[in-house]
Amino acid sequence: MNMEIIIKDKFAEAFSELYSHSIDKNTIAIQETRKEFEGDFTVNVFPFVRFAKSKPEELANKLGEYFVNNIPDVKSFNVIKGFLNLSIKSSYWLDIAKEATKNSNYGFELANENAAPIVIEYSSPNTNKPLHLGHIRNNLLGFSIAEILEASGKNVKKVNLVNDRGIHICKSMLAWQKHGNGETPETNGEKGDHLVGKYYVQFDKDYKVEIAELIANGKTEKEAKAEAPIIKEAQQMLRDWEAKEPQVYKLWETMNAWVYAGFDVTYKKLGVDFDKIYYESETYLLGKDVVNKGFKDGVLYQKEDGSIWANLEDKGLDQKLLLRSDGTSVYMTQDIGTAQLREIDYSPEKMLYVVGNEQNYHFEVLTLVLEKLGFDWASKIHHISYGMVELPHGKMKSREGTVVDADDLIDGIVADAKRLTSESGKIDNLSDSEADKLYYQVGMAALKFFILKVDPKRKMLFNPEESIDFNGNTGPFVQYAYARIQSIMRKAKDAEFGSWDNTLSINEKESSLLRIIYNYPSVVQVAANNYSPAIIASYAYDLAKEYNQFYHDNHIMNESDRDKAAFRLDLSKLTGDIIKSSMSLLGIEVPNQM
RNA sequence: GGUCCAGUAGCUCAGCUGGAUAGAGCAGCGGUUUUCUAAACCGCAGGCCACAGGUUCGAGCCCUGUCUGGAUCACCA
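Take any residue in the first sequence, note its place counting from 1, add 10, and you have its number in my numbering.
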């Protein structure tokens, strides 16, 4: 049984016995004892001195005695000010270690396939340009959150919402018609999403030229932007698309197919996947239907120009447009449709959206509008908001060329991994394909850990001038620790070194490792509840660090005491398993050798 | 202007429901290899936790105000 719960129970028991006062167990704070002090768990008695009406030290000593006498696994205690430090018997830790060795899925729960799923949307790209660093953060967060939820026993469905329609797509299409000379990914070997993105940039160039000309001829900037022939052409193209004009529609299908082929390559490199992909071109009409029905039911209202609005003033917000005066849909309308469809498809327990914090307001409004429309499932929606990735000179902007392209970044870091690994000369015994796999694993670990170790809620800074580190608090550090553990295990087995079931007494350092094992299930749980890959990432790092220290303090292979060495090997195996589990929650592969 | 988020070492970041002397990595300086793999380890240096009040046994964390930065408040997505 969980020691912290036992301590809390006994704490309350002791209090009523000694001071005839019943206390709320939730107010008892138990933490791991800090390394500088002796003990395993620390109970803070300060909050209770007023009930006991005695000095903190006195109270702590009385409770300490009570614990030693009434909890068999408590070995001893010491008191420093109001902190009661409890030392737990080795046998308790050993039992936990044994249990963990037996169960290879220690800390994980099996997903219940029959339960209402948690639908998690992430990635959500536009089909007019390639993925960039911002998408990488989104994809890695979304995927690892899904993994973490699944590890905590949830039935998780990963979905993607592709924004495949709208004026921005038409811009790429139009520019390709004008400048493309019929080039395709097949003819010029360019990745499809990059090719389409190139023409999106081209459109913007042409547009700016036309705007400048119109302004030179006396138009205001606003007029110029509205009247430039090329934007009018694009708008016409969008109308043709909505009317399913065959030529436009065919081109749209063709170019989108190029983009999807490109996205697939990038997703594969990132190691993320989806159970289902939604396309806005297939959901926006449903959104319009829902809004129109809301209008008929009198929940929404119409302005004189025919546009349809939701009034959220009673909720402290303003009025929100849902259908334009020309009857076309806006972003919010599409999201209403998509949410409705998701409810129909899955009847989920929750709908999670991994979307940047710049859309906090949007999701607040979305929920309120759905409530207003009378959908009781509106409360299922949770926006998992994450901070933007910023460059040293500010936010990334596609059209200004200040983006860090996802493919470039991945290829660059894998190349770095190759250079550093080759220099180390440790992999001379690997075949070329094995070596390539290793470069990829190490490079991606560096990238993924770099992204995931930062608190998702916070914005983060990325400096392209500084390459991503492979030393210190990084993915490769954790992988390296794991690889060394594997090496020990191999050599130990080859030498038939020790027996795996034999365990002896443990010292302080070993107990700190065991404590991590003890904490492992709760770490997964906490991370799942907080949706926080950062916790898992920092945890994997702490564990690897703890292992490195342990290794350097104990020269395992040369231990004269055979049984003691065997125990340590047990510990290594456990540590390795846990590192591997934490890394897999983050979608990071761990190689056996580095 | 309203709303929301943030401000911790030179840099990038941790810091759990308020607890013991605020921690890592990078960068800087100095060390460590007859032991499994130095992508490691150890040491030194580096802090008015933006600022000012408040709450209490106790505040980086909670409250109020100020300053700074960011996001958002579109018939853009």
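For glycine and all other residues, C-beta sits at the position ideal for the given N, C-alpha and C. Keep in mind it's a predicted model, so treat the numbers as computed, not measured.
For residue 603, the nearest candidate out of 586, 524, 323, 329 (CA to CA): 586
Paired residues, beta bridge with residue 614 - DSSP: An answer regarding residue 614 cannot be provided, because it is not within the stretch 11 to 604 covered by the chain.
Range of the contiguous alpha helix (DSSP H) that encloses residue 5: Residue 5 cannot be examined here, being either before or after the span of the chain that is shown, 11 to 604.
Residue 231 burial status per 10 Å Cβ neighbour count (16 or more: buried): exposed
Pairwise C-alpha distance: residue 40 and residue 616: Any question about residue 616 goes unanswered here, given that the chain covers just 11 to 604.
Under 7 angstroms between C-beta atoms of residue 399 and residue 472: Between residue 399 and residue 472, the CB-CB gap stays under 7 angstroms.
Same chain, Cβ closer than 7 angstroms to residue 24, neighbours up to 5 away in sequence not counted: 73, 76
Continuous beta strand (DSSP E) assignments of at least 3 residues falling wholly in the region 60-119: 84-90, 93-98
Three CB pairs or more closer than 8 angstroms across the region 387-401 and the region 162-181: no
Under the three-state DSSP convention, the category residue 396 falls into: strand
Whole-angstrom C-beta distance between residue 155 and residue 541, which should lie under 8 angstroms: 5 angstroms
Helix, strand or coil at residue 364 according to DSSP, with G and I counted as helix: Looking at residue 364 - three-state DSSP - the assignment turns out to be strand.
Segments assigned beta strand (DSSP E), at least 3 residues, entirely inside the region 155-224: 166-172
Assigned secondary structure, residue 52 (DSSP; H/G/I helix, E/B strand, else coil): strand
Bounding residues of the beta strand (DSSP E) (the contiguous stretch that carries residue 246): First-last for residue 246: 239-252, but that is the alpha helix (DSSP H), not the beta strand (DSSP E).
Sequence-distant residues of the same chain with beta carbon closer than 7 angstroms to residue 313, five excluded per side: 319
Whole-angstrom C-beta distance between residue 150 and residue 461, which should lie under 8 angstroms: 5 angstroms
7 angstroms CB neighbourhood of residue 16 in its chain, flanking five on each side removed: 81
Stretch pair the region 555-564 + the region 528-541: three plus CB contacts closer than 8 angstroms: no
For residue 36, three-class secondary structure by DSSP: helix
Residues that DSSP places opposite residue 130 in a beta bridge: 168, 362
Backbone secondary structure at residue 266 - three-state DSSP: Of the three classes helix, strand and coil, the one that applies to residue 266 here is helix, per DSSP.
Residue burial classification, residue 203 (beta-carbon count within 10 angstroms, cutoff 16): buried
Whole-Å CB distance - residue 174 paired with residue 252, under 8 angstroms assumed: The pair is not a contact, with the Cβ atoms about 13 angstroms apart (cut-off 8 angstroms).
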